[in-house]
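To keep things clear, I will list the structure first and then write my remarks on it.
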Amino acid sequence: GSDFVYPGNAGRHCVASNATTHPADATLLRIFDELAGPSTQVILALKDRTGEVGRFVEQVNQLHDRWTMRRAPPEAVMPEFRAIEAVAVLQLSKTQNSSIETKTGCKADQ
Numbered sequence: 005g006s007d008f009v010y011p012g013n014a015g016r017h018c019v020a021s022n023a024t025t026h027p028a029d030a031t032l033l034r035i036f037d038e039l040a041g042p043s044t045q046v047i048l049a050l051k052d053r054t055g056e057v058g059r060f061v062e063q064v065n066q067l068h069d070r071w072t073m074r075r076a077p078p079e080a081v082m083p084e085f086r087a088i089e090a091v092a093v094l095q096l097s098k099t100q101n102s103s104i105e106t107k108t109g110c111k112a113d114q
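Going by the numbering used here, the sequence shown opens with residue 5, and the numbers climb by one from there.
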């Protein structure tokens, strides 16, 4: 659901720290970490409303040891959306030998 990427839909202003750290992006990436295997390709088609795409891309880039990301070129996007700069199609895949650390501090190898 869009609540994960568009935290404004999920009560983004419920705590002060959400202004700088968007929990929705981290939650979505943790879900992908849990569900994705070595050959999984995660495809996200997003429309940038108020900076969500840039913020999400920045967070994925900070996790470069776990994820690789590629933005689809315009010709890969449906023709009616190609000219809309706010539309982004992102492809994420886990890096080899990636592992995640849970909030409890335990490591889970993927």
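Just so you know, even glycine gets a beta-carbon here, dropped at the ideal spot from N, CA and C.
Just so you know, these numbers come straight off a predicted model, no measurement behind them.
A residue is called buried when at least 16 other Cβ atoms come within 10 angstroms of its Cβ; residue 28 meets this threshold and is buried. Residue 88 and residue 43 have their C-alpha atoms spaced approximately 30 Å apart.
In this structure, residue 80 sits away from residue 50, with a CB-CB distance that is not shorter than 7 Å. Take residue 36, set aside five residues on each side of it, and the residues of its chain with a beta-carbon closer than 6 Å to its own are 46, in chain order. Using a 10 angstroms sphere on the CB of residue 70, the tally of other CB atoms reaches 16 or more, which defines it as buried.
Excluding sequence positions up to five before and after residue 65, its CB lies within less than 8 Å of the CB of 73, all in the same chain and listed in chain order. If you draw a straight line from the Cα of residue 59 to the Cα of residue 48, it comes to about 14 Å. With contacts defined as CB atoms closer than 7 Å, residue 90 and residue 52 qualify as a contacting pair. Relative to residue 30, the option among 55, 61, 41, 54 whose CA is nearest is 61. If you draw a 10 Å sphere on the C-beta of residue 39, you find fewer than 16 other C-beta atoms in it, and that means exposed.
Straight through space, the alpha carbons of residue 95 and residue 56 are spaced by roughly 16 Å.
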